[in-house]
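Residue numbering for the sequence shown follows my numbering, beginning at 158 and increasing consecutively.
Here's the structure, in structure tokens; my notes come after.
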Amino acid sequence: MPHAPLPLAVLVSGTGSNLQALIDCPSDDFSICVVISDRPDAAALARARGAGIPTHVVDWSTCTLRHEFTSAVCDAAEGFGAQGLILAGFMRILAPGAMERFPDAIINVHPALLPSFPGGHAVEHALAHGVTFTGVTVHFVDEQVDHGPIISQRPVPVYDGDDAFSLHERIQSVEHQLLPEVVAAFGRGDLSVEGRHVRWNSTVNAGGSR
Ligand code: GRF
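What follows is the structure in structure tokens.
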């Protein structure tokens with residue numbers, strides 16, 4: 158049955174290569190109604206403008222309270238009609254108010270196989286631990302950092318001689334495939350959360366590639 162694309166806000170802080178992957182993957186399942194940045198100088202904003210997508214800045218440096226910052230982000234997203242938030246390289250932690258306003262509708266991409274290496278230096282930590290595989294996790298966001306129900310994961314090998322740059326580059330090429338796939342599934346209503354488990358409702362992904 159045809160359905161309207163689900164309008165989503167994409168939250169960014171930096172380069173925006175994951176935003177670009179979402180832009181470059183036109184889908185009947187989701188649309189990007191606004192790109193919201195916590196930094197006015199984020200390069201991701203130019204990518205959004207280049208694609209004709211509205212942008213909005215909630216400047217973290219002028220916010221003193223996390224819950225006020227979170228409210229401003231959610232207000233902006235709702236003002237543009239968003240029915241979910243995609244954290245694509247968004248480097249701020251949202252207060253629990255965001256999960257109340259967008260229940261089971263906030264998705265984050267993380268450059269490691271959670272629950273290993275949560276936090277802001279996941280690639281460096283994976284290298285320091287000498288793992289032979291790390292990867293990408295796309296998960297729903299809950300009140301704890303890099304912790305919510307896992308939607309999908311893909312492994313990425315670590316090679317001898319890798320540094321943080323080369324490994325992150327390999328991880329990002331996987332992120333750029335996986336995030337649009339998951340966001341499209343979310344837009345289709347294919348994902349349902351049962352405790353810490355996410356069920357893919359369609360047979361396309363059932364038991365297979367998630
Ligand atoms: C990505 O590797 C993402 O996993 C992490 O921050 C990076 C953002 O990259 N949270 P970009 O801004 O999408 O290029």
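Note that beta-carbon positions come from the ideal geometry of N, C-alpha and C, so glycine has one too.
A quick note: this is a predicted structure, and the numbers were derived from the prediction, not measured.
Asked, Found
"beta-carbon A201 near the ligand GRF non-hydrogen atom, thresh 8 Å", "yes"
"Residue ranges of each beta strand (DSSP E) within the segment 230-272, 3 or longer", "242-244 and 263-267"
"Short Cβ contact (9 Å threshold) for G241 with F226", "no"
"Exposed unless 16 or more other CB atoms sit within 10 angstroms - verdict on L222", "exposed"
"Span of the alpha helix (DSSP H), counted from its first residue to its last, around I328", "A321 to G344"
"Distance, H224 Cα to A252 Cα", "5 Å"
"Check: N175 C-beta below 8 Å from any heavy atom of the ligand GRF", "yes"
"Bridge-paired residues (DSSP) for W357", "L348"
"Rounded C-alpha distance that separates E235 from D317", "46 Å"
"Given P306 as reference, the closest of H354, F274 and T289 once Cα atoms are compared", "H354"
"S309 in three-state terms, based on DSSP", "strand"
"Stretch pair the segment 193-202 + the segment 273-283: three plus CB contacts closer than 8 Å", "no"
"Range covered by the beta strand (DSSP E) that runs through V288", "Premise fails: V288 is in no beta strand (DSSP E) and is neither H nor E."
"F247 beta carbon near the ligand GRF (any heavy atom closer than 8 Å)", "yes"
"Top-ranked residue by Cα proximity to P211, from S228, S188 and T219", "S188"
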